[in-house]
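Residue numbers (UniProt numbering): 1 to 192.
Laid out in structure tokens, this is it:
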């Protein structure tokens, strides 16, 4: 399942980069005019990298690929596969309100399917491998960012740049794939 998912992530990143188009003119101004494309591409690339790292972290826990886990993984990969489309739409409309709202909606969908994947991969499959506090923190982080992604979609209709900023704030929460504070607790428990 990991190898298949890695292949899907590789294809998604390839499709994302294929949407980049060089400027038609050979000038710095023409290059600078592509700033919406550059920003949306960079955010999407970082987001896909974060999703991939978290996906790998999550799939190291289950011992068996159950039907629910496989279908949850397919749902998650489907949501991630929409990123190149959403990125291209944002770039072509220069951060238009509806495309940024759609982008936030896709982030919401990716995070919702990740939460479902967490429930299957950790809560149902191997709850003994992850302490209950870490599972709770993973769930709280997912629910909080779901709320922020939903709010970003609503804000984007009036303030697209504000919606994009909210999306970027959520990405920072997932830079470390483990539950927030879990590493500190693990280190402190070893000292005792």
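Glycine is no exception: its CB is placed at the ideal position from the N, C-alpha and C atoms.
Limits of the alpha helix (DSSP H) - the one that residue i falls within
i: residue 160; result: 160-173
i: residue 7; result: 2-18
i: residue 113; result: 97-118
Supposed close pair residue i, residue j - CB separation, criterion 8 Å
i: residue 116; j: residue 72; result: 5 Å
i: residue 137; j: residue 148; result: Wrong, their Cβ atoms sit about 16 Å apart, outside the cutoff.
i: residue 104; j: residue 49; result: Between residue 49 and residue 104 the Cβ distance is about 19 Å, and since that is not below 8 Å, they are no contact.
i: residue 98; j: residue 163; result: About 11 Å separates the two Cβ atoms, so there is no contact after all.
i: residue 5; j: residue 67; result: Not a contact, Cβ separation roughly 16 Å.
i: residue 150; j: residue 108; result: 6 Å
i: residue 57; j: residue 177; result: 3 Å
i: residue 113; j: residue 75; result: 5 Å
i: residue 135; j: residue 123; result: 6 Å
i: residue 22; j: residue 33; result: Not a contact, Cβ separation roughly 12 Å.
As assigned by DSSP and simplified to three states, the class of residue i
i: residue 126; result: coil
i: residue 83; result: helix
i: residue 36; result: helix
i: residue 221; result: Any question about residue 221 goes unanswered here, given that the chain covers just 1 to 192.
i: residue 132; result: helix
i: residue 65; result: coil
i: residue 26; result: coil
i: residue 145; result: helix
i: residue 176; result: coil
i: residue 41; result: helix
Sequence-distant residues of the same chain with beta carbon closer than 6 Å to residue i, five excluded per side
i: residue 52; result: 9
i: residue 82; result: 106
i: residue 144; result: none
Chain-order list of residues whose beta-carbon lies under 8 Å from that of residue i (same chain, five-residue window excluded)
i: residue 128; result: none
i: residue 69; result: 1, 62, 117, 120, 121, 125
i: residue 80; result: 8, 9, 12, 48, 51, 110
i: residue 171; result: 43, 46, 47, 50
i: residue 158; result: 97
Neighbourhood of residue i by C-beta, 7 Å cutoff - its chain only, sequence neighbours within 5 removed
i: residue 65; result: 1
i: residue 40; result: 87, 90, 91
i: residue 36; result: 90, 91, 94, 95
i: residue 15; result: 84
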